[in-house]
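Protein chains: 2
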Amino acid sequence: MAKQDGITVKKNENFSEWFTQVIQKAELADLRYNVKGFLVFQPWSVLSMEKMYHFLETTLQKKGHMPHWFPTLIPEHNLKQESSHLGGFAPEVFWVTHTGDKKLDEKLALRPTSETALYQMFKLWIRSHNDLPYKTYQRAQVFRCDTKATRPFLRSREFHWIETHCAHKTEEDAFNQVKEDMETTEEVLHDIFGIPYIFFERPAWDKFPGAARTFAADALNPDGKVIQQPSTHMISKQFTKAFDVKFKDSDEKEKYAHLTCYGPAVSRIFASVIITHGDDKGLRFPWDIAPTQVMIVPIDKKLHKKAETLKKQIQKFASVNIDLSDKRPGEKFNHWEMKGIPIRIDIGLKDLENKTVTIFRRDTNKKETVSEKEAITKIKEIAQEFTKNLIKKADKVFEGRIKETKNLQEIKKVIKEGSIAKCEFCSVDKPGTECAKKIEKEIVAEVRGTRLDEKQKPQGKCAICGKKANHIVYIAKSY
Amino acid sequence: MAKQDGITVKKNENFSEWFTQVIQKAELADLRYNVKGFLVFQPWSVLSMEKMYHFLETTLQKKGHMPHWFPTLIPEHNLKQESSHLGGFAPEVFWVTHTGDKKLDEKLALRPTSETALYQMFKLWIRSHNDLPYKTYQRAQVFRCDTKATRPFLRSREFHWIETHCAHKTEEDAFNQVKEDMETTEEVLHDIFGIPYIFFERPAWDKFPGAARTFAADALNPDGKVIQQPSTHMISKQFTKAFDVKFKDSDEKEKYAHLTCYGPAVSRIFASVIITHGDDKGLRFPWDIAPTQVMIVPIDKKLHKKAETLKKQIQKFASVNIDLSDKRPGEKFNHWEMKGIPIRIDIGLKDLENKTVTIFRRDTNKKETVSEKEAITKIKEIAQEFTKNLIKKADKVFEGRIKETKNLQEIKKVIKEGSIAKCEFCSVDKPGTECAKKIEKEIVAEVRGTRLDEKQKPQGKCAICGKKANHIVYIAKSY
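Top to bottom, those sequences are chains E and B.
Position one of the first sequence corresponds to residue 59 (this note's numbering), numbered consecutively onward.
Position one of the second sequence corresponds to residue 59 (this note's numbering), numbered consecutively onward.
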């Protein structure tokens, strides 16, 4: 990749263009597929997303979720069974109406989400309190003809996700599941993928269609807009009743189960990986989800043997390749920096003479020449601290962009500079709707919610209406 | 699981019922989903199929295939671009015609297979001979509203597969890809999953829509019907031209690429795993694709500590669980035999006293009591030989069901007893069509093809028409 093939804008100055270029130049997805809102995911993103699936799935399995594969197609009447759920998704549903040239008796939806497919099976599978908690998940694609502007990875019309669906005995159990989902998000999205976010409970007016309570993680992009990462929901009694998911409790009484669902969208989380860690040179992959962790670049044919020896030692603990392409060394360096390889090992003729290697690490973008003997220890050291380093930087940036505010003016200023405004607020229940509308109208921003882990309590007045504050909320722009 | 919950028929006497019962009683899939031909895959099959995906994908990656995720939806005009391809799939296509209540300008197909989605991208991606071979694959679901009777796993309307798509410089390279696909099938389907089959080249009248040559593996069910496992195709020039997939060769001339594709259908291969290895007690999983490899059954609470100690030792080299359920020991034994766990370790109170454990192996269905000290070595030994043992048995059964025949009478007899008839045949090209039709009409069987690895040459006359034989073919019933 020649120098002119690098990204031509700065990430923090023109984020939108930076994002478009990095997707194209790091070969993550081809946007030229001929259905609007659909894209072709290329090997470099798929290899990483497969690893992301691995971490999410093993974490869920450890917590007792069992995998299922449900059909992609859901009959129309399932979706209609609970009106607020259908209402939420109706305009976005892709409908199958024919097979061959035959019209179907009933339309089939490409699943926008799978509650209405699963709950009819929950009704068959769940009989007694001994069956609970019933914890499932599936890896699947979902389809939503989103009316908002599509953006690759961030908002596509087909996305690759995991959805978990659970049934519990009590509301308390269901709420504990939400907390467990929050922990899963922390363990995987933050600690492995390195994405900072806040986990909110959404205001009453911003719930998943069919949910009694909705919780969701918001990450923040450099353009000052938040992007919703996994959301988790406590399903409404009405929804559960519509599908008649009951169990016989230990007191012999029939009771409705308490349902929850959680939806980490891998293809969208991948966007946040790119955005959080990428820099003006391209991608930077956290260690565990890098398609390749170490790339060896011998700059002369005489060095191939040395490269091979090194590769054999490294592949015992990391994925490693040798770049044997015809490109000039500088091109190779730029190429692997664009691709986000965590560690590059450059070997020149001098290194052969001096028994050294040069290690380039993408977290700090620094080079260091070390003796052959020390090389393996050094690489292991970098591997150990690589993701931690990325996380530390990302957390610092994120935390620096949450600002306390006291009134509409201050909120406006904070939002304008691309940050998240924290303020006291009258109510995230129905009565707060008017204040939320004012924020939407005057700042084109949204009340994202309250956080479960917030220790501070509101002391004063709502930053908007001046009435008694009952909540601390966070306000941000979104896509 | 009480004894009456076992399978009530013998596999070799009533295969169809055995298959239905094993799917239900080993909890592999729930057939009560409310769209015809679609099923809910349950954890016990999904856990195994995920392992199957793993082996297929790592093998393909080792051979240079790179993963992609293509959209599930394909515009109608892509499918129409090559008429024989559309013709082959048209009656089976699920069509999306609306999003929300808006009619689409152009119908979108749920992919029945992805050639017509990929080739338009190949046209963009492939420029020069340096880009070739271009080897891709994707893990995906495909949708075919098959007009034949659906059967769970064997023939569903949505199935889970891998499809590889490759572009090559020459016809010879393409043919070598077919051979590589054949090797992949042997390495994974036979050597890991333990499925015996024959890899055929299909007769001229039985090709994939759009293929110049079609190759496919046939496995054999106890009812005497073959089931097609992966097929691989050399795509016709006409198909390649329709999508204009060209490259500039080293002689500076523009040439059409030679395309191939290969499609191992994991959910169908899983059916062959069940069918090949299962017995009258239920499933038997090959070692590497067992959801759990070892189950420890302590028959008393006093034995839990011993079970835990054993588990810790075993989990270093195998997946292992302890059955702590309330069931009676006999029920537990039957349950795990039904579920196909390769090794069960029973611990009774006497074992505590004698410092022994009892090892039950599902390949031979035999129990052996060994000292605690020997246990781990013994389990490792069994693990080593387990799949080999299953394969040996399966191969023997399969080979015993291929019979040489000389005329229609003999073919009829062999087919009637549930075997595959091998015979000399006039021609698998167009001229043989009449003889094939006769076989279809009089025996309701099909010429499945010739084998690439056949060393014998035809010496005499066609078993049907008596004219000079040019091929050795295999004849069998199919679904």
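Just so it is clear, CB atoms sit at the ideal spot from N, CA and C, and this is done for glycine as well.
*For residue 320 of chain E, write down the residues that DSSP places opposite it in a beta bridge.*
Partner(s): E:222, E:290.
*Please say whether residue 125 of chain E and residue 192 of chain E have beta carbons closer to each other than 7 angstroms?*
In this structure, residue 125 of chain E does not lie closer than 7 angstroms to residue 192 of chain E by Cβ.
_residue 352 of chain B vs residue 372 of chain B beta-carbon contact at 7 angstroms_ = Against a cut-off of 7 angstroms, the Cβ pair of residue 372 of chain B and residue 352 of chain B comes out as a contact.
_Neighbour-count burial assignment, residue 527 of chain B, 16 or more Cβ in a 10 Å radius_ = Residue 527 of chain B is buried by the Cβ-count criterion.
*With 7 angstroms set as the bound, which would you pick, yes or no: does the beta-carbon of residue 85 of chain E sit closer than that to a beta-carbon of chain B?*
Judged by the 7 angstroms Cβ criterion, residue 85 of chain E is not in contact with chain B.
*Which bits of chain B does residue 130 of chain E rub up against, with CB to CB less than 7 angstroms?*
Neighbours of residue 130 of chain E on chain B, chain order: 199, 216.
*chain B beta carbons: is any one of them nearer than 7 angstroms to that of residue 394 of chain E?*
Chain B, which has no Cβ nearer than 7 angstroms to the Cβ of residue 394 of chain E, makes this no.
*Within the present structure, is the beta-carbon of residue 236 of chain B separated from the nearest heavy atom of the ligand COA by less than 6 angstroms?*
No copy of the ligand COA occurs in the structure displayed, which carries no ligand at all.
*Helix, strand or coil for residue 235 of chain B per DSSP?*
DSSP places residue 235 of chain B in helix when its eight states are reduced to three.
*When Cβ atoms are compared, which residues of the stretch 67–97 of chain E fall closer than 8 angstroms to chain B?*
For the stretch 67–97 of chain E, the residues whose beta carbon sits under 8 angstroms from a beta carbon of chain B are, in order, 88, 90, 91, 92, 93, 96, 97.
*Could you name the residues that DSSP lists as bridge partners for residue 305 of chain B?*
B:313, per the DSSP bridge assignment.
*Can you tell me which of the three DSSP states residue 371 of chain B falls into?*
Residue 371 of chain B: helix per DSSP, three-state reduction.
_Quick check: what's the CA-CA separation for residue 178 of chain B versus residue 281 of chain B?_
In a straight line, the C-alpha of residue 178 of chain B is about 42 angstroms away from that of residue 281 of chain B.
*Reference residue 537 of chain E; option with closest CA among E:307, E:421, E:278*: Comparing Cα-Cα distances from residue 537 of chain E to each of E:307, E:421, E:278, the minimum goes to E:278.
_Contact list for the stretch 130–155 of chain E against chain B, Cβ threshold 7 angstroms_ = Taking 7 angstroms as the Cβ-Cβ cut-off, the stretch 130–155 of chain E approaches chain B at 130, 131, 133, 148, 149, 150, 151, 152, 153, 154, 155, given in chain order.
*Under 7 angstroms Cβ-Cβ, which residues of chain E neighbour residue 126 of chain B?*
Ordered by position in chain E, the residues that pass the 7 angstroms Cβ test against residue 126 of chain B are 98, 99, 100, 101, 104.
_residue 394 of chain B, DSSP secondary structure in three states_ = DSSP places residue 394 of chain B within a helical segment (H, G or I) once states are collapsed to three.
*Hey, does residue 157 of chain E have any beta-carbon neighbour from chain B nearer than 7 angstroms?*
Yes, its Cβ sits closer than 7 angstroms to a Cβ of chain B.
_residue 378 of chain B beta carbon less than 7 angstroms from that of residue 290 of chain B_ = Between residue 290 of chain B and residue 378 of chain B, the C-beta spacing is not below 7 angstroms.
*Counting only the same chain and skipping the five closest in sequence on each side, list residues whose C-beta sits under 7 angstroms from that of residue 345 of chain E.*
Excluding its 5 nearest sequence neighbours in each direction, residue 345 of chain E has C-beta neighbours in its own chain below 7 angstroms: 351, 400, 441, 444, 445, listed in chain order.
*Can you give the beta carbon distance from residue 222 of chain B to residue 137 of chain B, rounded, assuming they're within the 8 angstroms contact cut?*
The beta carbons of residue 222 of chain B and residue 137 of chain B sit about 20 angstroms from each other, so the pair does not count as a contact at 8 angstroms.
*Closer than 7 angstroms by beta-carbon distance: list the chain E residues that pair up with residue 221 of chain B, in chain order.*
By Cβ distance, chain E contributes nothing, its closest Cβ being about 14 angstroms from residue 221 of chain B, past 7 angstroms.
*asked:* Less than 7 angstroms between the C-beta atoms of residue 327 of chain B and residue 286 of chain B, yes or no?
replied: In this structure, residue 286 of chain B does not lie closer than 7 angstroms to residue 327 of chain B by Cβ.
*Looking only at its own chain, which residues have a Cβ that is under 8 angstroms from the Cβ of residue 470 of chain E, when we skip the five neighbours before and after it?*
Only 500, 501 meet the Cβ criterion.
*asked:* Is there a Cβ of chain E sitting closer than 7 angstroms to that of residue 179 of chain B, yes or no?
replied: It does; some Cβ of chain E falls within 7 angstroms.
*asked:* Quick check: is the beta carbon of residue 203 of chain B nearer than 7 angstroms to any beta carbon in chain E?
replied: When Cβ-Cβ separations below 7 angstroms define contact, residue 203 of chain B makes contact with chain E.
_Host beta strand (DSSP E) of residue 276 of chain E (start-end)_ = That run of the beta strand (DSSP E) goes 269–278.
_residue 239 of chain B beta carbon less than 7 angstroms from that of residue 255 of chain B_ = Judged by beta-carbon spacing, residue 239 of chain B lies beyond the 7 angstroms limit of residue 255 of chain B, meaning their Cβ atoms are not closer than that value.
*Assuming residue 262 of chain B and residue 486 of chain B make a contact with CB atoms under 8 angstroms, what is their CB distance in whole Å?*
Your pair residue 262 of chain B and residue 486 of chain B checks out as a contact, with CB atoms roughly 6 angstroms apart and the cut at 8 angstroms.
*asked:* Count Cβ pairs between the stretch 92–105 of chain B and the stretch 208–217 of chain B that sit closer than 8 angstroms; are there 3 or more?
replied: Touching, yes, given that three or more Cβ pairs across the two stretches are closer than 8 angstroms.
*DSSP state of residue 388 of chain E mapped onto helix, strand, coil*: Residue state, collapsed to three classes: helix.
_Let me make sure I understand the geometry here. Which of B:139, B:67, B:251, B:91 has the alpha-carbon closest to that of residue 453 of chain B?_
Looking at the Cα atoms, B:251 is the closest of the given residues.
*Of the residues B:420, B:121, B:271, which one's Cα is nearest the Cα of residue 509 of chain B?*
For the residues B:420, B:121, B:271, the minimum Cα distance to residue 509 of chain B belongs to B:271.
*Which of helix, strand or coil does DSSP assign to residue 188 of chain E?*
Assignment of residue 188 of chain E by DSSP, reduced to helix, strand and coil, places it in the helix class.
*Determine the chain B residues that contact residue 108 of chain E at a beta-carbon separation under 9 angstroms, and present them in chain order.*
Listed along the chain, the chain B residues whose CB falls inside 9 angstroms of the CB of residue 108 of chain E are 115, 125, 197.
*Relative to chain E, which residues along the stretch 167–178 of chain B have a C-beta separation below 8 angstroms, given in chain order?*
If the cut-off is 8 angstroms between Cβ atoms, the stretch 167–178 of chain B has 168, 175, 178 near chain E.
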